[in-house]
Amino acid sequence: MAGAFPFYGRAELSDLLLRLHAPGSPVEEIRAHKIVLCLHSSLLRECLIEEGVSTLDVVEREPKAFKAMLQFLYTSNYDYETENLAAVNNFEPSEAPTSHVVAFHLGKKYGVPRLCKAAIAGIDQLFSNWNKRKSVNKDRGSLSIPVRKRWWIAKLKTTVSIHYMGPYVSGDYSKSEMGVAIARAAIFPHCLSDDDLVELFALSPIFAIDVVLALRYQAKNAGRRGEILGDGDDTT
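With the numbering used here, you'll find the sequence shown wraps up at 1385, consecutive numbering, no jumps.
Here is the structure:
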């Protein structure tokens, strides 16, 4: 549906007016096209299934994230690499990883599985590359691994808090793909101290479940390769 992008937010051929309500903000009106929304969002399809619907009121606390989701419906484009690069550069402005977690929850809410998948890929890429990229700031010079490690731990704690307890959470997302992705990020670089893990588990006991699931998943995959948790021992 990438060819639909020129029509995003424009009146040409529009047959729907979205009225976006956000706390503390004026109502924003967005022109949309039912065919695009219905093809890619199961929730919006249910809302628009009745004939004659020409206006839809939407209440979201994160209007920017909702509009980003709408653009994704029109373009299928989720540029997490640019956002992540800004985050890994530490002192550059970036909404990652918060933006990925919010995108995942919106994808779940509106029934957009491709958005959920893209958000998970964003989390995986962000946390797997924190120590691989050259992180340079013209005023501060190259950032050392210890500095980036502190950044990584702080971002990880933020991610756990938002995913399991944030204001967007509308259900039990234990055992979700995002939860397991966050757990993988926490345990497999082997950078967390015992105190760090205890603090993460204290933030959300449900996170501990996802850590166990991530370990089981890794053990199964390692077993197929003749390894246990990557230690290289032959178990077959």
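Backbone N, C-alpha and C define an ideal beta-carbon position, used for all residues, glycine too. Remember, it's a predicted structure, so these values are computed and weren't measured experimentally.
Based on the DSSP output, what are the partners of residue i in its beta bridges?
{"i": "I1355", "result": "According to DSSP, which records beta bridges pairwise, I1355 is partnered with nothing at all."}
{"i": "H1170", "result": "V1208"}
{"i": "L1165", "result": "A1181"}
Rounded to the nearest angstrom, what separates residue i and residue j at their Cα positions?
{"i": "A1267", "j": "T1247", "result": "14 Å"}
{"i": "V1207", "j": "E1195", "result": "14 Å"}
{"i": "L1193", "j": "S1342", "result": "44 Å"}
{"i": "F1337", "j": "E1230", "result": "21 Å"}
{"i": "T1307", "j": "G1201", "result": "43 Å"}
{"i": "F1221", "j": "L1165", "result": "17 Å"}
{"i": "A1160", "j": "E1326", "result": "37 Å"}
{"i": "A1335", "j": "E1244", "result": "19 Å"}
{"i": "L1186", "j": "L1264", "result": "13 Å"}
{"i": "A1368", "j": "I1269", "result": "21 Å"}
{"i": "A1151", "j": "A1217", "result": "The predicted model places A1151 with a pLDDT of 48, which falls under 50 and marks its position as unreliable; any figure quoted below should be read in that light. A1151 and A1217: Cα-Cα distance of roughly 14 Å."}
{"i": "F1356", "j": "S1163", "result": "43 Å"}
{"i": "S1277", "j": "F1215", "result": "27 Å"}
{"i": "V1309", "j": "L1364", "result": "17 Å"}
{"i": "I1179", "j": "E1211", "result": "15 Å"}
{"i": "S1191", "j": "H1254", "result": "14 Å"}
{"i": "Y1313", "j": "T1224", "result": "29 Å"}
{"i": "L1275", "j": "H1249", "result": "10 Å"}
{"i": "K1213", "j": "S1203", "result": "23 Å"}
{"i": "I1184", "j": "C1340", "result": "47 Å"}
If you follow the beta strand (DSSP E) that residue i is in, where does it begin and where does it stop?
{"i": "E1177", "result": "E1177 to A1181"}
Could you check how far apart the C-beta atoms of residue i and residue j are, in whole angstroms? I think they sit under 8 Å.
{"i": "A1330", "j": "D1273", "result": "6 Å"}
{"i": "L1197", "j": "L1188", "result": "Their Cβ separation, rounded to whole angstroms, is 11 Å, which puts L1197 and L1188 out of contact at 8 Å."}
{"i": "L1305", "j": "A1332", "result": "Between A1332 and L1305 the Cβ distance is about 10 Å, and since that is not below 8 Å, they are no contact."}
{"i": "L1167", "j": "A1181", "result": "5 Å"}
{"i": "D1359", "j": "G1328", "result": "4 Å"}
{"i": "E1209", "j": "A1252", "result": "At roughly 12 Å, the Cβ-Cβ gap does not stay under 8 Å, so E1209 and A1252 are not in contact."}
For the alpha helix (DSSP H) that residue i lies in, which residues bound it at each end?
{"i": "A1245", "result": "No alpha helix (DSSP H) contains A1245, which DSSP labels as neither H nor E."}
{"i": "A1330", "result": "E1326 to I1336"}
{"i": "L1197", "result": "S1191 to L1197"}
{"i": "D1228", "result": "No alpha helix (DSSP H) contains D1228, which DSSP labels as neither H nor E."}
{"i": "C1265", "result": "P1262 to S1277"}
Taking contact to mean 3 or more Cβ pairs, one atom from each stretch, closer than 8 Å, check whether the region 1251 to 1258 and the region 1294 to 1301 are in contact.
No, they do not touch.
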